[in-house]
């Protein structure tokens with residue numbers, strides 16, 4: 808199975824990279840872009856064939872390492 | 277006094293810390309590799325130095341917080357041994373859950389390398405007793421992710437319980453409530469972004485950092 812984890816700063820946590828990119832997009836003539844947020848995607852193979860079990864396992868990985876839940880939220884896809 | 281400095285792959289202030297502690301306190305300082313699972317006996321101070329442990333991969337301090345040696349450091353911290361995290365060491369302590377909050381990218385996006393004037397908010401800790409009566413202190417910072425963040429209730433609690441130890445007079449990185457350094461509830465774990473190890477004799481521009489190590493010596 809392939810697991811994909813998306814990690815983003817939580818709403819309300821200042822995303823300075825997002826702000827810089829937003830400014831650059833406006834400079835390029837895309838004034839409609841707003842609330843730009845920068846995150847990361849982590850993807851990996853996972854042994855086993857039970858999607859529910861895999862999701863639980865990946866969530867545990869997020870809580871313990873892949874995301875810092877003080878500042879970040881995450882979304883898990885398994886399939 | 278016995279101290280240990282932990283060396284992670286990518287630490288770059290480990291020898292500065294060793295020199296600073298030796299010269300300011302005369303302590304015996306052990307260098308401990310991050311892959312070790314035990315620490316020397318009878319330590320008074322464990323230092324997590326500045327640098328870029330694991331190349332700042334994933335998040336600053338995230339990988340280091342999972343190092344084998346951190347289990348032993350957590351156990352020492354729970355036993356009341358002094359633990360000091362400077363810069364990357366502060367990030368590691370937060371990632372390891374030994375201190376609340378996290379360090380975000382600097383609000384100005386830039387790496388900040390400058391002298392900072394600090395307010396010693398709490399001089400009743402084992403790390404700051406020698407600053408008693410000296411509220412003005414100058415140290416230096418060098419960080420790209422030194423912007424301290426915690427949710428509002430946590431910040432209120434830190435302030436209410438005297439856990440905010442150092443505050444910036446001119447906030448260089450956007451830290452919440454100008455926080456430059458905090459201790460845990462028990463007062464034996466200190467995390468700070470400014471470097472006492474880079475300001476321990478006048479030739480370095482300031483010797484104010486020496487008082488921190490001498491405070492620990494006096495409490496040992």
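Protein chains in written order, with this note's numbering: chain E, 808 to 886; chain C, 277 to 496. Glycine included, C-beta positions come from ideal geometry on N, C-alpha and C. Please read these numbers as outputs of a predicted model, since none were measured by experiment.
6 Å Cβ shell around residue i - same chain, five flanking residues per side excluded
i: residue 847(E); result: 814
i: residue 356(C); result: 464
i: residue 292(C); result: 473
i: residue 874(E); result: 814 and 881
i: residue 306(C); result: 280 and 316
i: residue 331(C); result: 286
i: residue 323(C); result: 281, 293 and 360
i: residue 303(C); result: 277, 279 and 297
i: residue 370(C); result: 377 and 378
i: residue 321(C); result: 279, 358 and 492
i: residue 811(E); result: 850 and 884
i: residue 488(C); result: 403 and 472
i: residue 477(C); result: 483
Exposure label - residue i; buried when at least 16 CB within 10 Å
i: residue 842(E); result: exposed
i: residue 854(E); result: exposed
i: residue 385(C); result: exposed
i: residue 835(E); result: exposed
i: residue 851(E); result: exposed
i: residue 400(C); result: exposed
i: residue 341(C); result: buried
i: residue 279(C); result: buried
i: residue 881(E); result: buried
i: residue 408(C); result: exposed
i: residue 333(C); result: exposed
i: residue 314(C); result: exposed
i: residue 436(C); result: exposed
i: residue 402(C); result: buried
i: residue 485(C); result: buried
i: residue 461(C); result: exposed
i: residue 406(C); result: buried
i: residue 527(C); result: Not covered by the structure: residue 527(C). The range shown for chain C is 277 to 496.
i: residue 381(C); result: buried
i: residue 421(C); result: buried
i: residue 353(C); result: buried
i: residue 300(C); result: buried
i: residue 426(C); result: buried
i: residue 387(C); result: exposed
Beta strand (DSSP E) segment containing residue i, residue limits
i: residue 847(E); result: 846-852
i: residue 351(C); result: That residue, residue 351(C), is in no beta strand (DSSP E); its alpha helix (DSSP H) goes 344-355.
i: residue 489(C); result: Looking at the DSSP string, residue 489(C) is not in any beta strand (DSSP E); the run it does join, the alpha helix (DSSP H), is 486-495.
i: residue 442(C); result: 440-444
Nonlocal neighbours in the same chain, by C-beta distance under 7 Å from residue i, ignoring five residues either side
i: residue 447(C); result: 454
i: residue 424(C); result: 377, 379, 451, 452 and 455
i: residue 820(E); result: 878
i: residue 411(C); result: 395 and 396
i: residue 458(C); result: 375, 434, 439, 440, 441 and 467
i: residue 866(E); result: 883
i: residue 336(C); result: 364, 367, 379 and 421
i: residue 844(E); result: 815, 816, 822 and 825
Residues sharing a beta bridge with residue i, DSSP
i: residue 468(C); result: 362(C) and 457(C)
i: residue 412(C); result: 395(C)
i: residue 378(C); result: 425(C)
i: residue 419(C); result: 388(C)
i: residue 810(E); result: 851(E) and 885(E)
i: residue 482(C); result: 477(C)
Residue i: first and last residue of the uninterrupted alpha helix (DSSP H) it sits in
i: residue 391(C); result: Residue 391(C) -> not in any alpha helix (DSSP H); beta strand (DSSP E) instead, spanning 388-396.
Own chain partners of residue i with C-beta closer than 8 Å, once the 5 adjacent residues on each side are dropped
i: residue 840(E); result: 829, 832 and 833
i: residue 327(C); result: 284, 286, 287, 288, 289, 290, 363 and 364
i: residue 860(E); result: none
i: residue 344(C); result: 310, 311, 312 and 313
i: residue 416(C); result: 389, 390, 391, 392, 470, 471, 474, 475, 481 and 482
Heavy atom of the ligand GDP within 7 Å of residue i beta-carbon
i: residue 339(C); result: Judged by which ligands are present, the structure shown has none, so any question about the ligand GDP falls away.
Could you tell me which whole beta strand (DSSP E) segments of length 3 or greater appear in the stretch 279-336 of chain C? 304-309 and 321-324
Uninterrupted beta strand (DSSP E) stretches inside the stretch 814-882 of chain E (no shorter than 3 residues): 846-852
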